[in-house]
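Okay, so here's the structure we're looking at.
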């Protein structure tokens, strides 16, 4: 096995609901895989001093920056990812959080809404090809 060069954290669980109506368990179902999973990846890569690591990337969401009705749990989890990446950069480690909007032709939005131009959170969903092009630019930056 070669050196570990990149870690990409893409965890997502969607359980939308008004915060007052969510149980602790429902809130944690969204928060735990995304935020706690990334916290663990950060701790492990720091403790093992993975010097070969060039990319430590979190797929975040615009929901943490501008909010999205019923997604307090998801927004908080994504904010945790972004704070971890900020701290990693400050400490001299790689860290990049990308705030994606809804991606309409693959993944959760496609599964829930179908392949169309449905407005999600006030915007038309992105296409995966444009996301991959942006990702390539960000990784080379």
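In the UniProt record's numbering, the protein residues as written are 1 to 141. Glycine is no exception: its CB is placed at the ideal position from the N, C-alpha and C atoms.
(1) Are the CB atoms of residue 73 and residue 30 nearer to each other than 8 Å?
(2) Determine the direct distance from the alpha carbon of residue 84 to that of residue 59, and round the result to whole angstroms.
(3) Identify which residue in 126, 54, 76 has its Cα closest to the Cα of residue 96.
(4) Classify residue 87 as buried or exposed, calling it buried when 16 or more other Cβ atoms lie within 10 Å of its own Cβ.
(5) Out of curiosity, what's the CA-to-CA distance linking residue 50 and residue 94?
(6) Have a look at 19, 57, 20, 24 and flag the residue whose alpha-carbon is nearest the alpha-carbon of residue 37.
(7) May I ask you to list the residues that DSSP assigns as paired with residue 38?
(8) Under DSSP, the alpha helix (DSSP H) around residue 75 begins and ends at which residues?
(9) In three-state DSSP terms, what is residue 60?
(10) What are the boundary residues of the alpha helix (DSSP H) that residue 8 is part of?
(11) Is it right to say residue 42 is buried, meaning 16 or more other beta carbons lie within 10 angstroms of its own, or is it exposed?
(12) Taking the continuous alpha helix (DSSP H) assigned at residue 128, which residues delimit it?
(13) I'd like to know if residue 44 contacts chain B, where contact means its C-beta is closer than 8 Å to some C-beta of that chain.
(14) Can you tell which of 4, 24, 14, 13 has the C-alpha that lies nearest to the C-alpha of residue 48?
On the basis of the supplied data:
(1) yes
(2) 12 Å
(3) 54
(4) exposed
(5) 11 Å
(6) 57
(7) According to DSSP, residue 38 bridges with nothing at all.
(8) 72 to 90
(9) strand
(10) Premise fails: residue 8 lies in the beta strand (DSSP E), 6 to 9, not in any alpha helix (DSSP H).
(11) buried
(12) 128 to 140
(13) The question asks about chain B, but that chain is absent: this structure has only one protein chain.
(14) 4
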